[in-house]
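Chains as they are written, first to last, in the working numbering: chain Z, 1 to 506; chain P, 1001 to 1506; chain D, 2001 to 2506; chain E, 3001 to 3506.
Here a beta-carbon is modelled for each residue, glycine too, at the ideal position from N, C-alpha and C.
Protein chains: 4
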Amino acid sequence: MPVGTFEQYYDRLVAMKPNIYVGGEVIGRSDPRLAGGIYVMRQTFDCAHDDRYKEYCTATSHITGETINRFTHVHQTRDDLFNKQKMTKLLSHRVGGCIQRCMGIDAINALSVVTYEMDTALGTKYNENFLKFLAYVQENDIVANCAQTDVKGDRLLRPSEQPDPDMYLRVVETRPDGIIVRGAKSCNSAAPYVDEIIVTPTRFMGPADAAYAVSFAIPADWEGVKIAALPGVRHKREYIDAPIAKVGDMESLTIFDDVFIPNDRIFMNGLADPRQTPYAGFLALMFAHFHRHSYTGCKPATSEVIASEAALVAEYNGIAKASHVQGKLAHIIGLAELVYAAGIASAVKAEKSPSGTMIPDEILTNAGRKLAGEEIYNENKILADLAGGLIATLPLEKEFYSEGVGELLHKYIMRNPKISAENIHRCFRMIEDQMISEFGGAMIVAGLHGGGSPQMEEVAMMSRYDLEELKGIAKYLAGIEPEIPIYDRKYVTPRKILEKFKKYDN
Amino acid sequence: MPVGTFEQYYDRLVAMKPNIYVGGEVIGRSDPRLAGGIYVMRQTFDCAHDDRYKEYCTATSHITGETINRFTHVHQTRDDLFNKQKMTKLLSHRVGGCIQRCMGIDAINALSVVTYEMDTALGTKYNENFLKFLAYVQENDIVANCAQTDVKGDRLLRPSEQPDPDMYLRVVETRPDGIIVRGAKSCNSAAPYVDEIIVTPTRFMGPADAAYAVSFAIPADWEGVKIAALPGVRHKREYIDAPIAKVGDMESLTIFDDVFIPNDRIFMNGLADPRQTPYAGFLALMFAHFHRHSYTGCKPATSEVIASEAALVAEYNGIAKASHVQGKLAHIIGLAELVYAAGIASAVKAEKSPSGTMIPDEILTNAGRKLAGEEIYNENKILADLAGGLIATLPLEKEFYSEGVGELLHKYIMRNPKISAENIHRCFRMIEDQMISEFGGAMIVAGLHGGGSPQMEEVAMMSRYDLEELKGIAKYLAGIEPEIPIYDRKYVTPRKILEKFKKYDN
Amino acid sequence: MPVGTFEQYYDRLVAMKPNIYVGGEVIGRSDPRLAGGIYVMRQTFDCAHDDRYKEYCTATSHITGETINRFTHVHQTRDDLFNKQKMTKLLSHRVGGCIQRCMGIDAINALSVVTYEMDTALGTKYNENFLKFLAYVQENDIVANCAQTDVKGDRLLRPSEQPDPDMYLRVVETRPDGIIVRGAKSCNSAAPYVDEIIVTPTRFMGPADAAYAVSFAIPADWEGVKIAALPGVRHKREYIDAPIAKVGDMESLTIFDDVFIPNDRIFMNGLADPRQTPYAGFLALMFAHFHRHSYTGCKPATSEVIASEAALVAEYNGIAKASHVQGKLAHIIGLAELVYAAGIASAVKAEKSPSGTMIPDEILTNAGRKLAGEEIYNENKILADLAGGLIATLPLEKEFYSEGVGELLHKYIMRNPKISAENIHRCFRMIEDQMISEFGGAMIVAGLHGGGSPQMEEVAMMSRYDLEELKGIAKYLAGIEPEIPIYDRKYVTPRKILEKFKKYDN
Amino acid sequence: MPVGTFEQYYDRLVAMKPNIYVGGEVIGRSDPRLAGGIYVMRQTFDCAHDDRYKEYCTATSHITGETINRFTHVHQTRDDLFNKQKMTKLLSHRVGGCIQRCMGIDAINALSVVTYEMDTALGTKYNENFLKFLAYVQENDIVANCAQTDVKGDRLLRPSEQPDPDMYLRVVETRPDGIIVRGAKSCNSAAPYVDEIIVTPTRFMGPADAAYAVSFAIPADWEGVKIAALPGVRHKREYIDAPIAKVGDMESLTIFDDVFIPNDRIFMNGLADPRQTPYAGFLALMFAHFHRHSYTGCKPATSEVIASEAALVAEYNGIAKASHVQGKLAHIIGLAELVYAAGIASAVKAEKSPSGTMIPDEILTNAGRKLAGEEIYNENKILADLAGGLIATLPLEKEFYSEGVGELLHKYIMRNPKISAENIHRCFRMIEDQMISEFGGAMIVAGLHGGGSPQMEEVAMMSRYDLEELKGIAKYLAGIEPEIPIYDRKYVTPRKILEKFKKYDN
């Protein structure tokens, strides 16, 4: 049943082996500290069955022709990209931010491109492995994430130069039936409640780094996988439950403590064949690229959530008409539109790769993600500004329902008599959850760093941008060159990186 | 010959009656002070005949089926909008900024929509007038601008409340064969070298303002039209001529000193029929809207010109590799991409109006124009930053070729020996022209105010944005409402304004 | 013993009556949830006895000549203002942010000015009450806060216009020996662990609002005072304790549920004498003013803490030499210097009020506080940027010391071999505490709103700034006026507000 | 007569030898193109005799005890620094920006420090030369500028590494009675109308660069000095003259075409004694430092001029009460206050150098200058925003007084009937002069680059800032170190640079 249900997913989770390390314990997936993340994932199943959402949340598999959950789909058309962006936005609205499942779809799309091109160039058979894995994922509506960020040790040294060679995940042993890998992946969000972890390299690799050019997928409770976790929680509610309060996540540093990977789950292995090594960088960037395109869906949603909360609290605070308030809302709304526009335009300018996968334009995608990252703190500042200090000083929920002060708090929280005390309470409680909770704090940081910080998007943009051609305009205007280039920038993709690293190829 | 030539245009210009007031004289169109603006207009003719450009610079007339200059075209499809945006960008590159002819195409498109809908609603015949005018424009490749901005007098009073009733252009007399209008239009760029001036209202009009709800087109040298002008000039070159130095404009305050408008050149007249009055605001906004969409073509071009000059001068200054330089270039490039993306996305989300004209989405268009306006000073700051103080202290061109110090200046301007002294000179001279000349200074202001300042785009965005629906997200997350709206914002257009003003309609 | 000890303070606290409502309970001051705030207050006692700090943390009482804790001092000289600023900065360094005790000193200074001037003008005797209270505060090194922010109800209505008249704290009954007050004060930080709560009006009051023009001081556990509280906590540490982890606070909404105030504790009472009503605004602004001057000490400290953490984590991350890192650190450091400079300059330009109290210049103080508020989110963005995503995904402390993954986490957190895993862990743990904890989130909001948001400082600046005189420069340059004013702005104070409201005075 | 008159200065100018190259001619000082700059200089004489200004514009010579023009004074006290800052601000108001004479006073102060310390350390006699020169300057109220910025050639190479060794000014020959120097100084403002040019190095010099470590002063028309100039002009006025229109400057690239410098005019010469070489960097930075402190006077003035114009035009445009307008004015005013505060605070924290000269704190001075530079484009944006597009499209002055359209233009420029058409015209004409003229454009660039761009202030700040000590705060808070430093940053000066370069000293 390729459009799975939450129940099927949940049943799989609770059947998994406990390997999550939290607060000194090893816990399984039924632990209540996972509930926030699982609630988020639930939306991706429920909405695929919901008439209001299913147009965006399902797709037609290009390998089976069946209707599948879009989170397991490989984009075949521009419309696929438009719909993925829209799905990401709509689901992000429902959870007030990150929908958490995009890592999987982005890793799948990246692998679809890279394994195909590697096989074509080198005669390897990884695309076969990938398609088998994809069929399994689509058939069972599997939730996957992507473990990319190595712990990196000394940032000034390459993987093979580190004093401790395990600072980047690597192959430590080759067996007839598979490989043994060792290392740790940081910032590995949602690992505690995914079915599968897809592992990709975090950067390009040089010839000496062949053992680090490795990619594969394994179940999240696989032998040797140890998930050291950080629960992302909001304040528990007892009286005025609300969607915002149900949302959470669990972040992790996932350790691969000498983990065996069977041959058919491997998608790249530079140690077996050093010609694959340059493809590590290609895969790293391709995942980042699809992931940043996902951000052109979720970041506008996050901005809209903030704008929505800001507009509501401004109304409740009686300041909605003030011109500075309008200006601040317009600023956030404008950002949401621009980042979304970047996603649309990058889809309009997308190209079909040899594998058949549609790849959005890289400069536009990065320009959108960059703006979103640069502005996330400012957006939160605006929300805090319009909400006022109360969001940081609101007594606990329980006090509002205590004998001692409950009634008084309801009396004193009143603003406009047309709005009930409970609704005012709900509004401020929501914003407190959004901004002051541990999960909220982490999400702001994620808004900056998720998918790469603005600094990294700048690097991606400038690596691919043809400055020499751009300079042709100035040279013409200055009279240095007699003719101007027709400067309507070409479609750009991380595949360019491959040419750069082909030099390692012999 | 619907794709006209520069020579035809120029012949028409020089045949016109002198009515341009500059420096105490009344001059005609062959005066050298008009050369800069005419050079810019020339590009719009030459490129329509140039194989590299003609795909974008020509279009197929929906009234005759003939190939016409795109500047005379009414957009019928999304591709028309894409091509208009691209044409605007490519031509703007050629002149290092504003291509000056978009006012005409934007006014034509606005009139195509508004006259049609007004006729449909009120049974008037203005669309007939318009189509006759359009046929003339297309047949002769006529250059038009749009006189919109009234001088406005006291900004706190409506047109009919002003102590001097002429602060907004109005009908002062009705005759059997036409009307007499009086008033003045400020910031009326390019008026001295256009064939036709199209006049539109500058704001919505209330019932008392019926005489101000007037629109028409007349030749720029028509009896009673007095163009008080400001030449926008760059430094004259004697030795190292360059495209940048040929560019200029002529701004104007255009006075309508009791001007007779024949009936067939009138497109709206609230005095004749007060039911037309609300359409003044519709037309004002519709012109602004198409014009702002044009800015999603020219503003990215301007950003790219600045980035191009900044990249070139950074190279010449030997600082191109510095990370702060890369960051600054990335910032400008990212802006160009985002504003361009806003234009693309607003075309993707465009709708065909009842008249058949494609109207881009208003929120996206305004979000793009707003960002461009907000950042223009910052972009200039970056260019000045990377160029260094020399752009403001460079001795005059003549000194570089004088016996006294010419050789010494060439000696001392050298930087990298791989780049000739002349090219370095050309580069700094170009940036000086771009930033320090009077025309350059005016163009920065135009980058802020042209088509409306960011403040006005904010107003446009917020007037049309459905904040109540947006708040539905927060209400759901807070638990105030049980269900969330599918918040994928609807297509929005200035036509909404009409509903608002329909209340005047009886 | 006018320089008290922490033990004396703590003994007083635990002897107080339980009236703090947290989590459904009524708790006393020995509850561990108060420990974070009490730890902060402890610094203000300990440092006054520490040779390194005592120069700044003690002062000479102008009423007794004794050495007192500076937090109980009324500023008599410019050096007092310099030393208060320096004390605030140094103590804020010790707790990584807000030192929490400045509300008391700022309220005392405001009352010293306002009661004196009110008595002089009206013949009242409130300065006597104040001086008696001050003697008690100085003698016992009393910790006070200031309850200013009323809950305000409908922001568009004045106090006396609210549907519920208790939305601003007011006198509801007058008795021979005192008054009964009712209302609630929001954002009343530290109330759970202060000795005394000083109450001041939150805004200017009109003639109809006389009952709201009231000020007084009472012990924090006084009959009828109900403190509904929000504990501000950081993550508990079990293995690597550190100063940052000990810091916390408790915010509150403090309810005055028909509280009796004895006559000698009253500092203003508009109900008894309507001529006092205008002084409510004077007192409100004067407290805000002294408080904002305190922010010119603590905000630079906060910026320096952030810069310090950012510099440390950049070093640990191996990116300290990157030019964008230097630029970001320079930005924060520059802000710290500018805000501190604003405080210094406002002290240089201070004036001695009739009461003898030195009042810093208002425009400079507000300009400094405004900049700090505007930039606090940006500073946090920079810290998050340089720290990386790990601060939001770091496994819990316990995992680092668990049998299961403890050693592995220490292995994988390593960066530069010269820095121990524990120190790297400590560094990221600290930044997580600073940014991701609930207390951390609240402190960022406090950085925006504490003492008034930038919007309010803008209002304060512009209310007192003489724009007409400023325009004299432009009028001279334009030739509109023949002479230019000597525009070296006069010293400005909230006392100006009094003139404005004197109109109510008869 | 140590407080000279404009007439004395002017008489000296016109007696000078023509050596200014403009527009292909060699001109003398009576040429009308110099009038704008001379008008500015005039203020520095006239105000020293004006009762309203003389308190700030005169000082007491520490060498003669006589009253002198403050522009010839060496700062002996904090009050000298305060008064210099105030003088700079007040005079800058009078000319709407740069007062142009500060280069002289800043160079003199720098030389007073450096020659003294060099003599003390090395036993040289340059302070004697300097004091003799100073006596002459003070006695005759001499106008000097400072030629510092070498043309620099390839920025990646040191002076001695350049393909052309003349890219930095150097000693090419030593004679018994003096030296011959060759090179060119760029951005050498005001050179055409100063009495004396003081030459200082532009950067630190290594041992191989000894010939470039040279400093001296010579009359501006000295044999071999060739001034290739750029006139900075505003629009000529014929009908409504105004101070703003009289202001101008003349920038230059000044060539030293083998110029003989007599021994008693030399202040440093590394070629004669390589131990002097490190003092080149000390002098370069010391001049930059005093110059940046001057900017804490003129930049607030510039901000105030912009705010003043913005406030006036907002009033004339009838938008003064709009909240966004208040916010924009508050922003500029706040900047002016903060930059001024940085200057005050840097004087409060100043130290007396061994020479007796007061040196302001370097971090504070740079933080102030940096903020001013970063914001100058934004300030101009605000002014353009509030003024509207008319400033870029205003017909020429002559049209307002022409028979054809003069009366009509006066009619149509009217806004509020309380303000005359002439005054409105004057206001917009002034802003056009300020923003759109060539001189205006150059002045904005000068606002960014004058005295060094924000990038250079960042370098200066970070070179001197003790980041290691700052990190002590984070180390304490994290529990890495047991004690916190008392972090109240020490006074910092460019003298620190000397220690760094002492290594070259043997």
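CB contact check: residue i to chain D, cutoff 8 Å
i	result
V313(Z)	no
P395(Z)	yes
Cross-strand partners of residue i (DSSP beta bridge)
i	result
R3182(E)	R3170(E)
K2226(D)	I2255(D)
M268(Z)	S215(Z)
C146(Z)	I198(Z)
M3358(E)	K3352(E)
F2260(D)	I2180(D)
Y1021(P)	V1026(P), A1228(P)
I3068(E)	A3059(E)
Buried/exposed call for residue i, threshold 16 Cβ in 10 Å
i	result
P482(Z)	exposed
D1433(P)	buried
P2176(D)	exposed
K2084(D)	buried
D3080(E)	buried
L1156(P)	exposed
Interface partners of residue i on chain D, CB under 7 Å
i	result
I391(Z)	V2445
Contacts of residue i in chain Z (Cβ-Cβ under 8 Å)
i	result
D1119(P)	Going along chain Z, no residue has its Cβ under 8 Å from D1119(P), so there is no contact; the nearest lies around 33 Å.
Interface flag, residue i vs chain E, CB-CB below 8 Å
i	result
H331(Z)	no
T1440(P)	Going by the sequence as given, residue 1440(P) is Gly instead of Thr. Closer than 8 Å to some Cβ of chain E, the Cβ of G1440(P) qualifies, so yes.
S355(Z)	no
Per-residue contacts from residue i into chain Z (C-beta, under 7 Å)
i	result
C2187(D)	G389, L390, T393
Cβ of residue i within 8 Å of any chain Z Cβ
i	result
P2018(D)	no
Closer than 7 Å at the beta carbon, the chain E residues around residue i
i	result
R2426(D)	A3478, G3479, I3480
Contact list for residue i against chain Z, beta-carbon separation under 9 Å
i	result
A3384(E)	Result: empty, since nearest Cβ-Cβ is about 18 Å, beyond 9 Å.
Chain P within 8 Å of residue i, Cβ atoms only
i	result
A2059(D)	no
Review point. Okay, do the region 1342-1361 of chain P and the region 3361-3376 of chain E touch, 3+ Cβ pairs below 8 Å being the bar?
Key: Contact between the region 1342-1361 of chain P and the region 3361-3376 of chain E is absent: fewer than 3 CB-CB pairs across the two stretches fall below 8 Å.
Exercise for review: Assess, as a yes-or-no matter, whether the region 2264-2271 of chain D is touched by the region 2108-2127 of chain D under the definition of 3 or more beta carbon pairs within less than 8 Å.
Suggested key: yes
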